[in-house]
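Trainee: Residue numbers (my numbering): 13 to 961.
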């Protein structure tokens, strides 16, 4: 790595030196040094690229068995980190877990004893064996390695599952099966097999297992090899109608290589057995109600004692009333009671009030309602009022419940927050944010950039143009982008996208042809533009941006992404160094007078520096070599260049053909004056070489817009509505001649230089204007199409850069081993900044090369700049982070969530209201969520989850 950094620094220095010397022009005395510098720079770049592309032997893939074992060990580490953190936050060891016992059950809830034992006698349980902390030993003693754990709501089934996972990992040997906890709520046994669903969940939550080898994912390989021990939590959360099908599916798919531990409510399991079957050869145990002595001991040990060693619970639990004694037999209620009455300001003696709490259900509702305010009351760093926190969580629970009833899951992920917005706003919100970011850059450049970006003639035209950008981008995001990152990216989708894009721009072309047919030909800059055309131009630009992002693979519902260097020791330092080099290049360009490239490089350098900071976030691959990154970039660049060029040129030909046909029809249907006649103050003649001219019969009042040296002046009518773009204005009033030359109309007059008369010709009386434009219909169509074909090629070059960058630097985050949801948010923000900066720099380089090749101005105008800038800025709004920003604003404005949403969720997790599962948040208990949402506790009313698309 140190060698590569040194080689990169030397390479960059030689390239900058060569650029500076080349820019100075040089004379005969320094020509030799110039060529030596250029050759040295080229050689160093080639050497640096060859070194990066060299793949070390360590990068070669291991044997399949070794690869699976390594993946299993990595999965074990991830699961261990995930549930160890969660056990600490749930205070399972503070001071110790509740002593919950369990007892074995037989038929009708369990299979025949002979099938369970398989001829192997089990020793009778000793005192203390049937406790929660002995579940791992009991599972290992089962011949079938299948265990069903039943219990009432809040009996501790999920806590048992967590302890089983951690206990099994503690005795696991390298290469052995890995216990993984799955929430069964999202499984539809009628549509998806168990193994397919388990493999999909593994691949979705632990992204390295999504890697495909042959026809199977690595997750499916681990399942088939017996390296995953599923812990299926919450069988009762499946819809009641599918319980029987779920049991039959389990019996059909479980084998010796796929053991299982399953938790369920007792009543739900009884219904499942009645409608389906028992789980073959599975031991069935039921968690016993908590003993009064265990509840009393736990509550007193977790409450502050007085000078006599007694607590506020001591008199209450000496002889509790029947409703309270019933409630305290449930571990969930004991834990809630500990939190609610952990504050000395509250006295648990109120629970003995028979008038206020006549039944056990009333006490349970009281504890559920008081839990959130009690959890948020006081404590260090408290920034949320208890009642406000309770109100916010009630809204979130209702939102999650309404959505999860369809999706079959009750987890909360920050990248899914936009799903709470109305469907239309999910598209228009990111489009509006993208437009805001683009306008933040383009408007100052248009006003103060000395012509690097075409300015609008009036503020109204600017508004119309930006509104067109918003319309085109919104439509493109809705219909062109793939739905998710897993959507097919094959030829069929690309063809469908290209047809849709071409059809959309064809509609815009028809509108342009009706409003302003290009009878003189087509120019994309430096022309007087009618206000409706400003809007239509914006629509086209928005559609083009959406098409570029669709080819690059940006989805409508993006997942959190990381950066390929996140797992390397020197990756972040390399990126920061790259940021410094880009910044230095920006300073050099600024000294050379190139304001726009210099600004782009400086901003990109800062963004790369920010992206290179360490956020301790994992991605799919622990480390991606520079060779792999460059190969990904090369593949994306080639794919993007080919697809964007083909689509861009094809769409340009369609637009040019449509507008050209309208223009040809306009010329053909007009009644033109005769050659040599005078029409509305203009004498019309055709020269011997066929050039048509129109000479004013009197003084013509106009303006010359004089730009940079080497650029022809632009002639416009006096007070024409056109942006000056930094040009010097010179007024004139004299007889002029307009000649229709092959390159376009030219104005000549005594005492004036030859000037571009395109805008003067557009402003002539309609008969004169059409007479100058008269030519065969194929020529009219050709003149309207050729400039657009050049623009289509530009779209291909810029789109190739964008596609290469986004495909090389987009690595899904590891959502299981994530340090938390906020860390994945920071990683996604850093990845977004890095991709946007890199794409802007590369697209800017392509556009600068085009400017050097064809010069400033021309029929493309400043379209290269107007396409270059949004490639970097718009993508910020289309990331998971950008979409979250839009959703947070909408949720806050509608009062459904606080402005600091992520901060609030983090504090709710820290206070035990939410639990964390990798990058997801969950409510501590499903019953708590239902209480907050006002939903019934019976999960059987939930609908069957829709099959995965």
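Glycine is no exception: its CB is placed at the ideal position from the N, C-alpha and C atoms.
Just so you know, these numbers come straight off a predicted model, no measurement behind them.
1) Starting from residue 112, follow the alpha helix (DSSP H) in both directions and report where the run begins and ends.
2) Take residue 146 as the anchor and find which of 121, 174, 124 and 127 has the nearest alpha-carbon.
3) Taking the alpha-carbon positions, what's the residue 941 to residue 911 distance?
4) Anyone know if the C-beta pair for residue 514 and residue 682 falls short of 7 Å?
5) Kindly indicate the opening and closing residues of the beta strand (DSSP E) around residue 298.
6) What residues in its chain sit with their C-beta under 7 Å from that of residue 492, if we drop five residues either side in the sequence?
7) Since residue 768 contacts residue 724 with CB under 8 Å, what's their CB separation in whole angstroms?
8) As a quick exercise: from 83, 87 and 95, pick the residue whose alpha carbon is nearest that of residue 927.
9) Between the C-alpha atoms of residue 548 and residue 895, what's the straight-line distance to the nearest angstrom?
10) Does the Cβ of residue 355 have 16 or more other Cβ atoms within 10 Å, making it buried, or fewer, making it exposed?
11) Examine the Cβ distances between the stretch 306 to 315 and the stretch 330 to 348 and report whether three or more of them are shorter than 8 Å.
12) Between residue 815 and residue 684, how many whole angstroms is the CB-CB distance? I'm expecting something under 8 Å.
13) Quick check on this structure: which residue in 85, 596, 501 and 575 has the alpha carbon closest to the alpha carbon of residue 234?
14) Along the alpha helix (DSSP H) that carries residue 899, what are the first and last residues, could you check?
15) For residue 592, collect the residues of the same chain with a Cβ closer than 8 Å to its Cβ; drop the 5 residues on either side in sequence, then sort them by chain order.
16) Can you give me the Cβ contacts of residue 474 inside the same chain, cut-off strictly under 7 Å, excluding the 5 residues immediately before and after it?
17) Answer with buried or exposed for residue 214, where buried requires no fewer than 16 other C-beta atoms within 10 angstroms of its C-beta.
18) List in chain order: all unbroken beta strand (DSSP E) runs of 3+ residues lying wholly within the stretch 209 to 278.
19) Per DSSP, what are the beta-bridge partners of residue 151 in this structure?
20) Considering only the alpha carbon of each residue, which of 837, 253, 241 and 203 lies closest to residue 897?
21) Return the chain-ordered ranges of every alpha helix (DSSP H) run that is complete within the stretch 312 to 399 and spans a minimum of 4 residues.
22) For the putative contact between residue 773 and residue 750, defined by C-beta atoms under 8 Å, what is the C-beta separation to the nearest angstrom?
23) Under a three-way DSSP split, which group does residue 703 fall into?
24) Are the CB atoms of residue 443 and residue 482 nearer to each other than 7 Å?
25) Quick one: what's residue 752 bridged to in DSSP?
26) Any idea what DSSP makes of residue 518, helix, strand or coil?
27) Which class does residue 601 belong to by DSSP, given the choice of helix, strand or coil?
28) Quick check: what's the CA-CA separation for residue 937 versus residue 124?
29) Since residue 294 and residue 192 are thought to touch, with beta carbons under 8 Å apart, how far apart are those beta carbons, to the nearest angstrom?
30) Can you check DSSP and say which residues form a bridge with residue 691?
31) Look up residue 573 in the DSSP assignment and give the residues it is bridged to.
32) Looking only at its own chain, which residues have a Cβ that is under 8 Å from the Cβ of residue 8, when we skip the five neighbours before and after it?
33) When burial is assigned at 16 or more other CB atoms within 10 Å of the CB, is residue 813 buried or exposed?
34) Return helix, strand or coil for residue 945, following the three-state DSSP convention.
35) Suppose you measure from the CA of residue 658 to the CA of residue 811; what does that come to, to the nearest Å?
Mentor: This is what the structure gives:
1) Residue 112 sits at position 100 when you count from the first residue of the chain shown. Segment: none, residue 112 is in no alpha helix (DSSP H) and carries neither H nor E.
2) Position 134 of the chain shown, counted from the first residue, corresponds to residue 146. If we check each option's Cα against that of residue 146, 174 comes out closest.
3) Translated into positions along the chain shown, residue 941 becomes position 929. Translated into positions along the chain shown, residue 911 becomes position 899. Approximately 22 Å between the Cα atoms of the pair.
4) The residue given as residue 514 occupies position 502 in the chain shown. The residue given as residue 682 occupies position 670 in the chain shown. No, these two residues do not count as a Cβ contact at 7 Å.
5) As a working note, residue 298 is residue 286 in the chain shown. If you look at residue 298, you'll find it in the beta strand (DSSP E) that goes 295 to 299.
6) Residue mapping note: residue 492 aligns to position 480 of the chain shown, counting from 1. Taken in chain order, the residues that qualify are 509, 512, 513, 558, 559 and 562.
7) Numbered from its first residue, the chain shown carries residue 768 at position 756. Numbered from its first residue, the chain shown carries residue 724 at position 712. 5 Å between Cβ atoms; contact.
8) Taking the first residue of the chain shown as 1, we reach residue 927 at position 915. Per the Cα distances, 95.
9) Stepping through the chain shown from its first residue, residue 548 is reached at position 536. Stepping through the chain shown from its first residue, residue 895 is reached at position 883. Just so you know, the alpha carbons of residue 548 and residue 895 end up roughly 26 Å apart.
10) Counting from 1 along the chain shown, the entry for residue 355 is found at position 343. So residue 355 counts as exposed.
11) yes
12) Walking along the chain shown from the start, residue 815 turns up at place 803. Walking along the chain shown from the start, residue 684 turns up at place 672. Rounded, the Cβ-Cβ distance is 48 Å, inconsistent with contact.
13) Within the chain shown, residue 234 is the residue found at index 222, counting from 1. Closest in C-alpha terms to residue 234, from the list 85, 596, 501 and 575, comes 85.
14) Locating residue 899 in the chain shown gives position 887, where the first residue counts as 1. That run of the alpha helix (DSSP H) goes 892 to 905.
15) As a first step, residue 592 must be located in the chain shown, where it is residue number 580. Closer than 8 Å at Cβ, skipping near neighbours: 617 and 621.
16) As a first step, residue 474 must be located in the chain shown, where it is residue number 462. Within the same chain, residue 474 has close Cβ partners 468.
17) Looking up residue 214 in the chain shown gives position 202. Residue 214 should be labelled buried.
18) Counting only runs of 3 or more residues that sit fully inside the stretch 209 to 278, the beta strand (DSSP E) segments are 240 to 245 and 272 to 277, in chain order.
19) Position 139 of the chain shown, counted from the start, is the residue given in the question as residue 151. DSSP output for residue 151 lists no bridge partner at all.
20) By one-based count along the chain shown, residue 897 stands at place 885. Ranking 837, 253, 241 and 203 by Cα distance to residue 897 puts 837 first.
21) List check, alpha helix (DSSP H) in window: 325 to 330, 334 to 339, 343 to 352 and 372 to 388.
22) Looking up residue 773 in the chain shown gives position 761. Looking up residue 750 in the chain shown gives position 738. Going by Cβ atoms, the distance from residue 773 to residue 750 rounds to 6 Å, so yes, they are a contact pair.
23) The residue labelled residue 703 in the question sits at position 691 within the chain shown. Residue 703 falls in the coil class under three-state DSSP.
24) Counting from one through the chain shown, the residue named residue 443 turns up at place 431. Counting from one through the chain shown, the residue named residue 482 turns up at place 470. The answer is yes: Cβ separation under 7 Å.
25) Stepping through the chain shown from its first residue, residue 752 is reached at position 740. Beta-bridge pairing links residue 752 to 704 and 757.
26) What you label residue 518 is simply residue 506 of the chain shown in a count that begins at 1. Reduced to three states, the DSSP call for residue 518 is helix.
27) Position 589 of the chain shown holds residue 601. If DSSP states are grouped into helix, strand and coil, residue 601 belongs with the helices.
28) As a first step, residue 937 must be located in the chain shown, where it is residue number 925. As a first step, residue 124 must be located in the chain shown, where it is residue number 112. Each residue's alpha carbon lies about 33 Å from the other.
29) Taking the first residue of the chain shown as 1, we reach residue 294 at position 282. Taking the first residue of the chain shown as 1, we reach residue 192 at position 180. In fact, because the Cβ distance is near 18 Å, the residues do not count as touching under 8 Å.
30) Mapped onto the chain shown, residue 691 falls at position 679. Bridge partners of residue 691: 694.
31) For this step, residue 573 is matched to residue 561 along the chain shown. Here residue 573 is bridged, per DSSP, to 824.
32) In the structure displayed, the chain extends from 13 to 961; residue 8 sits before or after that span and is not available.
33) The count along the chain shown starts at 1 and reaches residue 813 at position 801. Classification of residue 813: buried, given that the 10 Å Cβ count is 16 or more.
34) As a working mapping, residue 945 is identified with position 933 in the chain shown. In this structure, residue 945 counts as helix in the three-state DSSP scheme.
35) For this step, residue 658 is matched to residue 646 along the chain shown. For this step, residue 811 is matched to residue 799 along the chain shown. The alpha-carbon atoms of residue 658 and residue 811 are separated by roughly 11 Å.
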